Amino acid sequence: MSSLSHTLADSATMLRRNLRHMLRYPSMTVLLAGMPVVFLLLFVYVFGGTLGAGIGSGGGRGEYIVYVMPGILLMTVAAVAQGTAISVAMDMTEGIISRFRTMSISRGAILTGHVVGSLIQTMITLTIVIAVALLVGFRSDATPVEWLAAIGVIAMIAFAVIWLSVALGLVSKTVESASNLPMPLTLLPFLGSGFVPTDSMPTGLRWFAEYQPFTPVMETLRGLLTGTEIGNSALQTATWSAGIALLSYLWARKLYNRDPAHK
Amino acid sequence: MAGLNSASAISAVGLRKSYGEKLVLDGVDLEVVEGSVFALLGPNGAGKTTAVQILSTLIGADGGRVRVAGHDLAREPDAVRSVIGVTGQFSAVDGLLSGRENLRLMADLRHLGRAAGRARTAELLERFDLADAADVLVSTYSGGMRRRLDLAMTLVGDPRLIFLDEPTTGLDPRSRRTMWEIIRGLVADQGVTIFLTTQYLEEADQLADRIAVLDHGKLVAEGTAQELKRLVPGGHVQLRFADPAAFRAAVGALSHTLEDIPRDEDALTVQVPSDGRVRSLRALLDLLDAQSVEAEELSVHTPDLDDVFLALTGRPRTPANTDTDTATEKAVTR
Numbered sequence: 026m027s028s029l030s031h032t033l034a035d036s037a038t039m040l041r042r043n044l045r046h047m048l049r050y051p052s053m054t055v056l057l058a059g060m061p062v063v064f065l066l067l068f069v070y071v072f073g074g075t076l077g078a079g080i081g082s083g084g085g086r087g088e089y090i091v092y093v094m095p096g097i098l099l100m101t102v103a104a105v106a107q108g109t110a111i112s113v114a115m116d117m118t119e120g121i122i123s124r125f126r127t128m129s130i131s132r133g134a135i136l137t138g139h140v141v142g143s144l145i146q147t148m149i150t151l152t153i154v155i156a157v158a159l160l161v162g163f164r165s166d167a168t169p170v171e172w173l174a175a176i177g178v179i180a181m182i183a184f185a186v187i188w189l190s191v192a193l194g195l196v197s198k199t200v201e202s203a204s205n206l207p208m209p210l211t212l213l214p215f216l217g218s219g220f221v222p223t224d225s226m227p228t229g230l231r232w233f234a235e236y237q238p239f240t241p242v243m244e245t246l247r248g249l250l251t252g253t254e255i256g257n258s259a260l261q262t263a264t265w266s267a268g269i270a271l272l273s274y275l276w277a278r279k280l281y282n283r284d285p286a287h288k
Numbered sequence: 056m057a058g059l060n061s062a063s064a065i066s067a068v069g070l071r072k073s074y075g076e077k078l079v080l081d082g083v084d085l086e087v088v089e090g091s092v093f094a095l096l097g098p099n100g101a102g103k104t105t106a107v108q109i110l111s112t113l114i115g116a117d118g119g120r121v122r123v124a125g126h127d128l129a130r131e132p133d134a135v136r137s138v139i140g141v142t143g144q145f146s147a148v149d150g151l152l153s154g155r156e157n158l159r160l161m162a163d164l165r166h167l168g169r170a171a172g173r174a175r176t177a178e179l180l181e182r183f184d185l186a187d188a189a190d191v192l193v194s195t196y197s198g199g200m201r202r203r204l205d206l207a208m209t210l211v212g213d214p215r216l217i218f219l220d221e222p223t224t225g226l227d228p229r230s231r232r233t234m235w236e237i238i239r240g241l242v243a244d245q246g247v248t249i250f251l252t253t254q255y256l257e258e259a260d261q262l263a264d265r266i267a268v269l270d271h272g273k274l275v276a277e278g279t280a281q282e283l284k285r286l287v288p289g290g291h292v293q294l295r296f297a298d299p300a301a302f303r304a305a306v307g308a309l310s311h312t313l314e315d316i317p318r319d320e321d322a323l324t325v326q327v328p329s330d331g332r333v334r335s336l337r338a339l340l341d342l343l344d345a346q347s348v349e350a351e352e353l354s355v356h357t358p359d360l361d362d363v364f365l366a367l368t369g370r371p372r373t374p375a376n377t378d379t380d381t382a383t384e385k386a387v388t389r
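These protein sequences, in sequence, are chains A and B. Going by our numbering, the first sequence opens with residue 26, and the numbers climb by one from there. Going by our numbering, the second sequence opens with residue 56, and the numbers climb by one from there.
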């Protein structure tokens, strides 16, 4: 009857539940992959020729797809997180959550189940997006170690963003607002170095773009996948991820442990 | 039942809860005997669901001392959780899973182990007549099926104390009867304690050993269905006579003891106030016999819970029944 083994067992049970939901609606995962894929195609085929010429090195479409990939990957992370917020909010509006609360199960298990489930979903969705990118001409000279590092970086920021989405899902009173609240996250790659270099932006925006959390992540990924300068981006990425994850976790836990809203 | 085993399943003193300005529970005392069925009866908004939510550890109380199954509710919520089962007003099932998967989920969370969990699941599916729909998504279930699955999920961990918050609200009459049978079976076969809320007077009458009437956050009466019914004046015996002569003779005979008997000369009926007990019926018939008056037909009208409820909660249907304070006093003095 150790409480740690119960926590692990309950979290695994909740994870199985979330994975079942995912398997039952594979279309959800495909839908989540849909947005980044559409943006990828849009930015490669519609804007890629022009933007590729403008990013400095004078390349075209082929070079732009390499440049835009980190932004697309982060957009994927944000899209899955939006799904997380929705499914957490849906859970909270269902009676089943009240049942869980009146059972002797580890309190964090339900949230842990969502977070781990979403991490798995993120990896599946990223696989789809990267597969499409390879089909439309994305090439990387990254070594297997660099790929592993890139996956680690994405997992780190995804973990943070997913905890944030869990909190946003909990704070939302309706499923609709849960789907709207994380929306800015999907736009964040645009307001950073995801689609164009930040030095082409006006001062105020550039300042935001350079200091917002997604930019160092994209710079780190870009460095790992295409060999550009990483500098202290990796450290900033780790710091941002840890900070967002910790604060979001504490917020989510506080929201979850309060008395459920009175109907 | 109360006399054999008087251990308390629930013992609450001065339970209070408010949401902002709104006082939802205003000093409620409850005593539920182990192995009994206790019904909390009240109209919408009386505070029934809040009471269940507090007693089942879902939300905290603002005041009062509560022990559930021997554990202090505020200090040992997990100990309470391990012995209770809750079936709420809104079905607590996972619509994206099948019935079997829902039950397995409960078995896993109760740490039953694989084989035991599988066996328990199969047994409950069979018992609740869900075996045919076991592998279908619950979102396609009918209301009655969802409610049965909901209760089956509650039973997975063999709880000693089961909370049922309006277990039959929204069900069709047949499903309601099925649910009643299931509830009766639980008490008879397994000796569990049941705490149920309902706004259906008939339901409390059918199922409960004791009934507490909750109104605006306060208990206004408590007792058995019979005790509650006796609290309300208005019970009477109606006598119908074969001809006007017998009718007049009866009125004459009864006038010795009663002034101004309600009567209907066209229908040849009189209404004699009565508590409906055999002793008073016999006395009435003896009185008529002594005058050689024979009644054609006799019917006893005891107030039903409807009358009790309306009288006690101060929404009078009959103006005579508003003496709530006296009623409460009599009811609570057991």
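In this text, a Cβ means the ideal position worked out from N, Cα and C, and glycines have one as well. None of the values given here were measured: they were computed from a predicted structure.
| Asked | Found |
| --- | --- |
| Sequence-distant residues of the same chain with beta carbon closer than 7 Å to A:Ala192, five excluded per side | Ser273, Trp276, Ala277 and Leu280 |
| Within 7 Å of chain B by C-beta, residues of the region 119-138 of chain A in sequence order | Gly120, Ile121, Ser123, Arg124, Arg126, Thr127, Met128, Ser129 and Ile130 |
| Range of the contiguous beta strand (DSSP E) that encloses B:His291 | His291 to Arg295 |
| Three CB pairs or more closer than 8 Å across the region 266-281 of chain B and the region 82-98 of chain B | yes |
| Chain B residues whose Cβ lies nearer than 8 Å to that of A:Pro169 | Near A:Pro169 there are no residues of chain B at all, since even the closest Cβ is about 38 Å away, more than 8 Å. |
| Inter-residue CB distance, B:Thr324 and B:Gln293 (contact presumed, cutoff 8 Å) | 6 Å |
| Per DSSP, cross-strand counterpart(s) of B:Ala276 | B:Val268 |
| Whole-angstrom distance between B:Leu262 and B:Val306, CA atom to CA atom | 40 Å |
| Environment of A:Tyr89 [buried if 16+ CB atoms lie within 10 Å] | buried |
| Cutoff 7 Å; reference B:Ala296; Cβ partners in own chain excluding five residues on either side | Position check: residue 296 of chain B holds Phe in this sequence, whereas Ala was assumed. Closer than 7 Å at the Cβ level, and outside the excluded window around B:Phe296, lie Phe302, Ala305, Leu323, Ala350 and Glu351. |
| For A:Phe64, three-class secondary structure by DSSP | helix |
| B:Ala147 in three-state terms, based on DSSP | coil |
| Under 9 Å (Cβ pairs) to chain A, residues found in the region 271-298 of chain B | none |
| Inter-stretch contact at 8 Å, needing at least 3 Cβ pairs: the region 212-225 of chain A / the region 58-78 of chain B | no |
| For B:Arg155, the nearest candidate out of B:Thr142, B:Gly246, B:Gly172 and B:Gly140 (CA to CA) | B:Gly172 |
| Below-9 Å beta-carbon distance, B:Ser354 vs any chain C residue | Included in the structure are the protein chains A and B, with no chain C among them. |
| Reference A:Leu210; option with closest CA among A:Ala110, A:His46 and A:Val161 | A:Ala110 |
| Reference A:Ala103; option with closest CA among A:Glu254, A:Leu189 and A:Phe68 | A:Leu189 |
| Simplified DSSP assignment, three categories, for B:Gln326 | strand |
| B:Ala177, DSSP secondary structure in three states | helix |
| Cα-Cα separation between A:Trp232 and A:Thr223, rounded to whole angstroms | 9 Å |
| Whole-Å CB distance - B:Ala174 paired with B:Leu180, under 8 Å assumed | Going by Cβ atoms, the distance from B:Ala174 to B:Leu180 rounds to 11 Å, so no, they are not a contact pair. |
| Expected contact under 8 Å - CB spacing of A:Gly252 and A:Asp166 to nearest Å | 6 Å |
| Beta carbon of A:Ala185 nearer than 9 Å to that of A:Ile269 | yes |
| Under 7 Å by beta carbon: chain A residues contacting B:Ile114 | Asp284 and Pro285 |
| Residues from the region 156-189 of chain B in contact with chain A, defined by Cβ distance under 7 Å | Glu156, Leu160, Asp163, Leu164 and His166 |
| Through-space distance from B:Ser73 to B:Asp344, alpha-carbon basis | 60 Å |
| Separation of A:Ala37 from A:Met128, as counted between CA atoms | 16 Å |
| Rounded straight-line distance, which links the Cα of A:Ala180 to that of A:Ala259 | 13 Å |
| CB contact check: A:Tyr50 to chain B, cutoff 9 Å | yes |
| Span of the alpha helix (DSSP H), counted from its first residue to its last, around A:Gly79 | Gly73 to Gly79 |
| Cβ-based neighbour list, A:Arg126, same chain, cut-off 8 Å, excluding 5 preceding and 5 following | Pro285 |
| Supposed close pair A:Ala58, A:Thr150 - CB separation, criterion 8 Å | 5 Å |
| contact_flag[the region 160-172 of chain B, the region 239-252 of chain B] where n(CB pairs < 8 Å) is 3 or more | no |
| Rounded separation between B:Gly119 and B:Leu113 - CA only | 16 Å |
| Anticipated Cβ contact below 8 Å, A:Ile182 with A:Ser112, distance rounded | That pair is no contact at about 20 Å. |
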